[in-house]
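Chemist:
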Amino acid sequence: MISDKRRPGRRRRLGTIAATVAITGAVSLTAAACAGNGGTGASGGGNTLKLTTWVNPPAVAVLKQINAEFEKANPGTSVTLNTAANVNGPYQTLLQQSVNSGSADIVTANTPLLPLPKKLNNTNATPIQLWETNGQFADLSGQSFTKDYTSSALSAQTYQGKVYGLTSGEYQEGVFYNKAIFSKYHLSVPTTYSQFLSVCKTLKSHGVQPLYTALGQVGSPYTQFLYYEAMTDLWYPKAPGGNLANAIMNDQVKWTDPAFVKGMSEEKQIAQYLEPNYTGINWQTMAGGPFAAGKAAMELDGSWDLPSIQKANPKLQAGYFPVPFSSSASANQAYAQNDLTFYVLKNAKNKSLAMKWLQFFSTPKIYAQYVNATGISSAQKSGTFTGYASQVMGKWFGKGVNQTTLYPALSPSNGYYDQQANWADLQLEVMQGKMSPQQAAATYQKDWKG
Amino acid sequence: MWGGLWLAVAVYTLFGIVPMIGNIVISFTDYTELQGAAVHNVGFTNYAQMFSTQAPGLEQGLVATAVFVVAVTLGQNILALLFAHKLAGSSRLAAVGRLLVFLPIALGVTIVGLLWSLIFNPASGPMASFFGLFGIHSAFFGADNWAMTLVILVQIWMNTGFSTLVFIGGLRSIDPALYEAAAVDGVGGWQRLRRITYPLLAPSITVNVMLALVGSFTMYNLIYVLTAGKYGTQTLGMLSFNVAFGSFEADLGYGAAVSVLLFVLTLVVALPMLLALRRRERKLLT
Numbered sequence: 016m017i018s019d020k021r022r023p024g025r026r027r028r029l030g031t032i033a034a035t036v037a038i039t040g041a042v043s044l045t046a047a048a049c050a051g052n053g054g055t056g057a058s059g060g061g062n063t064l065k066l067t068t069w070v071n072p073p074a075v076a077v078l079k080q081i082n083a084e085f086e087k088a089n090p091g092t093s094v095t096l097n098t099a100a101n102v103n104g105p106y107q108t109l110l111q112q113s114v115n116s117g118s119a120d121i122v123t124a125n126t127p128l129l130p131l132p133k134k135l136n137n138t139n140a141t142p143i144q145l146w147e148t149n150g151q152f153a154d155l156s157g158q159s160f161t162k163d164y165t166s167s168a169l170s171a172q173t174y175q176g177k178v179y180g181l182t183s184g185e186y187q188e189g190v191f192y193n194k195a196i197f198s199k200y201h202l203s204v205p206t207t208y209s210q211f212l213s214v215c216k217t218l219k220s221h222g223v224q225p226l227y228t229a230l231g232q233v234g235s236p237y238t239q240f241l242y243y244e245a246m247t248d249l250w251y252p253k254a255p256g257g258n259l260a261n262a263i264m265n266d267q268v269k270w271t272d273p274a275f276v277k278g279m280s281e282e283k284q285i286a287q288y289l290e291p292n293y294t295g296i297n298w299q300t301m302a303g304g305p306f307a308a309g310k311a312a313m314e315l316d317g318s319w320d321l322p323s324i325q326k327a328n329p330k331l332q333a334g335y336f337p338v339p340f341s342s343s344a345s346a347n348q349a350y351a352q353n354d355l356t357f358y359v360l361k362n363a364k365n366k367s368l369a370m371k372w373l374q375f376f377s378t379p380k381i382y383a384q385y386v387n388a389t390g391i392s393s394a395q396k397s398g399t400f401t402g403y404a405s406q407v408m409g410k411w412f413g414k415g416v417n418q419t420t421l422y423p424a425l426s427p428s429n430g431y432y433d434q435q436a437n438w439a440d441l442q443l444e445v446m447q448g449k450m451s452p453q454q455a456a457a458t459y460q461k462d463w464k465g
Numbered sequence: 014m015w016g017g018l019w020l021a022v023a024v025y026t027l028f029g030i031v032p033m034i035g036n037i038v039i040s041f042t043d044y045t046e047l048q049g050a051a052v053h054n055v056g057f058t059n060y061a062q063m064f065s066t067q068a069p070g071l072e073q074g075l076v077a078t079a080v081f082v083v084a085v086t087l088g089q090n091i092l093a094l095l096f097a098h099k100l101a102g103s104s105r106l107a108a109v110g111r112l113l114v115f116l117p118i119a120l121g122v123t124i125v126g127l128l129w130s131l132i133f134n135p136a137s138g139p140m141a142s143f144f145g146l147f148g149i150h151s152a153f154f155g156a157d158n159w160a161m162t163l164v165i166l167v168q169i170w171m172n173t174g175f176s177t178l179v180f181i182g183g184l185r186s187i188d189p190a191l192y193e194a195a196a197v198d199g200v201g202g203w204q205r206l207r208r209i210t211y212p213l214l215a216p217s218i219t220v221n222v223m224l225a226l227v228g229s230f231t232m233y234n235l236i237y238v239l240t241a242g243k244y245g246t247q248t249l250g251m252l253s254f255n256v257a258f259g260s261f262e263a264d265l266g267y268g269a270a271v272s273v274l275l276f277v278l279t280l281v282v283a284l285p286m287l288l289a290l291r292r293r294e295r296k297l298l299t
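Heads up: the sequence lines are chains A and B, in that order.
Start counting at 1 in the first sequence, then tack on 15, and there's your number in the numbering used here.
Start counting at 1 in the second sequence, then tack on 13, and there's your number in the numbering used here.
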């Protein structure tokens with residue numbers, strides 16, 4: 016028998032228990048509550064303009080160029096660019112820190128102001144909606160550069176008559192296709208759903224991977240390349256008042272609408288032509304992966320990736336068409352969403368310099384440089400754009416049904432499938448055959464709080 | 014001496030107790046951390062939501078947390094015990110073995126996540142080729158039936174080195190004279206393990222089990238890197254992070270409520286476990 020002369024006494028045991036309670040409490044609570052680090056938190060001042068944006072390599076690269084030109088045109092000033100990844104949270108954290116601490120003069124975002132929740136509050140509005148409606152951003156209405164932008168771009172960021180953000184343009188989503196592969200197999204650009212399936216079938220029969228997309232590390236949100244288009248082509252044309260987002264939010268239509276159910280059924284059919292195991296393949300391969308290498312005939316993607324695709328394979332001859340969900344060619348439209356939008360903080364340390372930067376950004380030469388480099392379509396009233404994206408997108412460049420009239424405001428904390436973060440999970444379940452479109456539609460409706 | 018103690022208490026209060034209390038307070042509000050957004054006392058709304066409209070998230074979170082905690086705590090300790098048994102010696106081979114086992118923890122979560130994502134890349138990773146030989150094709154970290162198992166294995170792989178070192182420390186603290194005496198008395202290998210090694214290793218087992226248990230309850234960063242909580246891997250820690258800091262959200266009130274639930278669960282499981290392990294230690298050592 017082994018004895019232990021250091022056997023703890025009662026007081027020691029109580030002390031151990033108390034210490035364990037405190038330690039486990041502190042460890043679990045702080046670990047669960049703390050987030051990753053994002054911004055620098057450095058304060059601005061002098062003639063240094065601080066700009067915060069997310070990592071989209073072509074946009075970051077051209078913004079750096081524009082900043083350098085701004086510095087050259089304005090001796091004595093400097094611009095710093097602070098960035099973080101936009102997938103799964105880091106940029107959200109950096110953005111919040113930048114606004115809360117006032118460590119930036121200009122911040123950027125791509126979450127829309129509109130449509131606003133019917134009864135806006137802390138738990139059903141996105142950060143941008145809360146900031147804009149709480150007056151955290153400077154009013155741009157009187158600035159001369161706003162005259163260069165279209166009314167739709169300005170109205171997308173207008174709240175109670177004041178313009179709080181400068182929308183730099185729209186991105187379209189849909190299908191990018193390899194012209195050489197289409198030519199090799201004598202395929203035409205499909206304009207209807209049946210034609211699209213036929214193209215996929217033909218490519219598959221020749222051993223060519225028809226469609227590529229990648230959901231690894233990002234998950235279901237990237238099913239948007241299908242569901243937005245399905246809603247655009249099948250449901251949007253029937254929406255009362257030409258605004259599906261408002262019709263859903265006002266309960267004029269239901270999630271169980273046959274058009275929406277049909278869209279999901281078609282998504283499932285189309286998903287059969289995606290590469291095997293697409294849910295595990297890293298989303299970052301979409302910009303310079305198999306499609307750019309000519310190993311996949313088509314890619315479901317957004318036009319923001321076009322500059323990176325071009326960089327990966329400058330010789331690639333690519334074209335674009337919206338995913339056709341309707342049997343009527345005229346109903347098949349592109350889906351578009353306002354993207355990188357600039358906001359000047361109301362209490363920015365360098366507000367006048369920030370306005371000067373936006374003025375500089377909006378000049379025809381600089382703005383064209385930005386559009387050509389990023390693949391975004393113009394939000395200005397005029398201009399000539401010759402970038403790779405405008406060539407690939409062709410007649411669709413700058414065209415499409417905008418997200419603000421298509422997709423309702425989803426909440427951060429309403430019912431589970433009424434949340435932006437979880438809504439797409441059901442789309443993926445349908446695509447993978449784990450749930451029927453009817454079941455998914457019924458679940459959305461059951462969970463819908465508007 | 015007392016000055017040092019008070020300093021430690023002050024630091025612990027500032028960085029441990031105050032955030033803990035702050036977190037509990039936030040869980041009763043609609044706090045968003047957003048500049049200009051008013052904060053309201055919402056009572057138990059966040060908790061009520063957690064158990065009603067948020068049911069899928071909570072249910073999945075509870076199941077994922079239970080699976081993760083049990084598998085990691087058991088797997089990590091069993092594996093570490095086996096490694097410690099083989100690597101406790103003073104040979105050069107054992108030293109190299111200890112280094113290799115400990116290496117993953119030195120790599121850090123991001124590198125470990127990237128490494129395993131590449132190894133299990135469904136398109137071109139070595140494991141895809143290996144399983145392909147048997148006709149098995151999967152999205153791995155993007156597949157509901159694989160993701161949680163793989164995340165558990167990576168967590169075990171990453172942390173087994175630390176547990177191994179604790180066990181080695183425990184093994185080395187056992188007086189060799191005890192084994193020599195047992196050998197002289199003709200005690201066999203199994204009996205030596207049962208009567209000498211196992212009881213004297215009990216304190217190390219307590220430490221390792223508690224660290225693995227509490228660590229796996231609260232862990233979210235590795236899951237974030239590998240799957241972002243998708244494909245059945247959204248534990249309560251990950252759920253709390255996603256709700257409070259995810260791409261679309263800034264609902265700190267609800268995120269805080271989830272973390273309070275996680276805290277209570279951790280306490281409810283860890284405290285009785287600690288008491289049971291201590292009791293077992295005393296029993297074995299007397």
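Glycine is no exception: its CB is placed at the ideal position from the N, C-alpha and C atoms.
Bear in mind the structure is a predicted one, so any value in this text is a computation, not a measurement.
Less than 8 Å separating the beta-carbons of A:N502 and B:S130?
Modeler: Outside the shown range of chain A (16 to 465) lies residue 502 of chain A, about which nothing can therefore be said.
Chemist: Buried or exposed for A:A349, going by 16 or more other Cβ atoms inside 10 Å?
Modeler: It is buried - the Cβ of A:A349 has at least 16 other Cβ atoms within 10 Å.
Chemist: Name, please, each residue of chain A whose Cβ falls closer than 7 Å to the Cβ of B:E46.
Modeler: Q111 and N115, listed in chain order.
Chemist: Quick one: Cα of A:E244 to Cα of A:Y422, how far?
Modeler: So the alpha carbons of these two residues sit roughly 11 Å apart.
Chemist: Straight-line CA distance for B:A23 to B:W15?
Modeler: Approximately 12 Å, taken between the alpha carbons.
Chemist: Using 8 Å as the limit for Cβ to Cβ distance, is B:F153 near chain E?
Modeler: You won't find chain E in this structure, because its protein chains are A and B.
Chemist: So what's B:T240 in DSSP terms, helix, strand or just coil?
Modeler: B:T240 falls in the coil class under three-state DSSP.
Chemist: Work out the CA separation of B:V80 and A:S323 for me, nearest whole Å.
Modeler: Taking the straight line joining both Cα atoms gives about 40 Å.
Chemist: With burial defined as no fewer than 16 other Cβ atoms inside 10 Å of the residue's Cβ, what is the status of B:D198: buried or exposed?
Modeler: Classification of B:D198: exposed, given that the 10 Å Cβ count is below 16.
Chemist: Residues of chain A with a CB under 8 Å from the CB of B:S130: which are they?
Modeler: Within chain A, the residues near B:S130 are G231, Q232 and N297.
Chemist: For the region 307 to 391 of chain A, which segments carrying the alpha helix (DSSP H) assignment without a break, of at least 4 residues, lie completely within its bounds, in sequence order?
Modeler: Runs found: 321 to 327, 366 to 377 and 379 to 389.
Chemist: Kindly indicate the opening and closing residues of the alpha helix (DSSP H) around A:S209.
Modeler: Counting along the chain, the alpha helix (DSSP H) containing A:S209 begins and ends at Y208 to S220.
Chemist: So which of A:K162, A:T228 and A:N353 has the shortest CA-CA distance to A:T419?
Modeler: Of A:K162, A:T228 and A:N353, the residue nearest in Cα terms is A:N353.
Chemist: Quick one: which residues of the region 134 to 149 of chain A get their C-beta closer than 8 Å to a C-beta of chain B? List them in chain order.
Modeler: So the list reads N136, N137, T138, T141, P142, L145, W146 and N149, given in the order they occur along the chain.
Chemist: Less than 7 Å between C-beta atoms, sequence neighbours within five positions excluded: which residues of the same chain meet that for A:V223?
Modeler: Excluding residues within five positions, the ones whose Cβ falls inside 7 Å are I196 and A312.
Chemist: At a Cβ threshold of 8 Å, is B:Q62 touching chain A?
Modeler: Chain A, which has a Cβ nearer than 8 Å to the Cβ of B:Q62, makes this yes.
Chemist: On the DSSP bridge assignment, give the partners of A:G189 in chain order.
Modeler: DSSP, once it has assigned bridges, lists A:D316 as partnering A:G189.
Chemist: Which residue comes first and which comes last in the beta strand (DSSP E) that contains A:I121?
Modeler: Counting along the chain, the beta strand (DSSP E) containing A:I121 begins and ends at I121 to A124.
Chemist: Near A:T458, what residues of its chain come up, given a Cβ to Cβ distance below 7 Å and the 5 sequence neighbours on each side ignored?
Modeler: Counting only Cβ-Cβ distances below 7 Å, and skipping sequence neighbours, we find Y432 and L441.
Chemist: Using a C-beta cutoff of 8 Å, does B:N302 count as contacting chain A?
Modeler: Beyond the ends of chain B as shown, which are 14 and 299, falls residue 302 of chain B; an answer cannot be given.
Chemist: Using DSSP with H/G/I as helix, E/B as strand and the rest coil, what is A:L6?
Modeler: Nothing about residue 6 of chain A can be reported from this structure: the residues present for chain A run from 16 to 465 only.
Chemist: Report the rounded CA-to-CA distance for B:F175 versus B:P117, giving the unit in angstroms.
Modeler: Answer to the nearest angstrom: the Cα atoms are 10 Å apart.
Chemist: Output needed for B:N234: all residues of its chain with C-beta closer than 7 Å, excluding positions within five of it in sequence on either side, in chain order.
Modeler: For B:N234, where only same-chain residues beyond five positions count, the Cβ hits under 7 Å are V122.
Chemist: Can you give me the start and stop residues for the beta strand (DSSP E) that A:L202 sits inside?
Modeler: Run containing A:L202: none; DSSP gives neither H nor E here.
Chemist: Can you have a look at B:R105 and say buried or exposed, based on whether 16 or more other CB atoms are within 10 angstroms of its CB?
Modeler: With fewer than 16 Cβ atoms within 10 Å of its Cβ, B:R105 is classed as exposed.
Chemist: Is DSSP giving A:S393 helix, strand or coil here?
Modeler: Here A:S393 sits in strand by DSSP.
Chemist: Within 10 angstroms of its Cβ, does B:W203 collect 16 or more other Cβ (buried), or is it exposed?
Modeler: Its Cβ having fewer than 16 others within 10 Å, B:W203 is exposed.
Chemist: If the criterion is Cβ atoms closer than 8 Å, does the pair A:Y208 and A:I391 meet it?
Modeler: Not closer than 8 Å, so no.
Chemist: If the cut is a Cβ gap below 9 Å, which residues of chain A does B:Y211 touch?
Modeler: Here the premise fails: no neighbours, minimum Cβ distance about 11 Å.
Chemist: Measure from the C-beta of A:P291 to each C-beta in chain B and report whether the shortest distance is under 8 Å.
Modeler: Closer than 8 Å: yes.
Chemist: Pull up the distance between the alpha-carbon of A:K253 and that of A:G278, whole angstroms please.
Modeler: Going from the Cα of A:K253 to the Cα of A:G278 covers about 13 Å.
Chemist: Could you spell out where the beta strand (DSSP E) holding A:L66 opens and where it closes?
Modeler: Run containing A:L66: T63 to W69, per the beta strand (DSSP E) assignment.
Chemist: Assuming B:T279 and B:V222 make a contact with CB atoms under 8 Å, what is their CB distance in whole Å?
Modeler: The Cβ separation is near 14 Å, so there is no contact.
Chemist: What is the DSSP secondary structure of B:V114, counted as helix, strand or coil?
Modeler: Three-state result, B:V114: helix.
Chemist: How big is the Cα-Cα spacing for B:A93 and B:T177?
Modeler: Rounded to the nearest angstrom, the two C-alpha atoms are 4 Å apart.
Chemist: Counting only Cβ pairs nearer than 7 Å, list the residues of chain A close to B:D264.
Modeler: Near B:D264 (Cβ distances below 7 Å), the residues of chain A are T138, P427 and S428.
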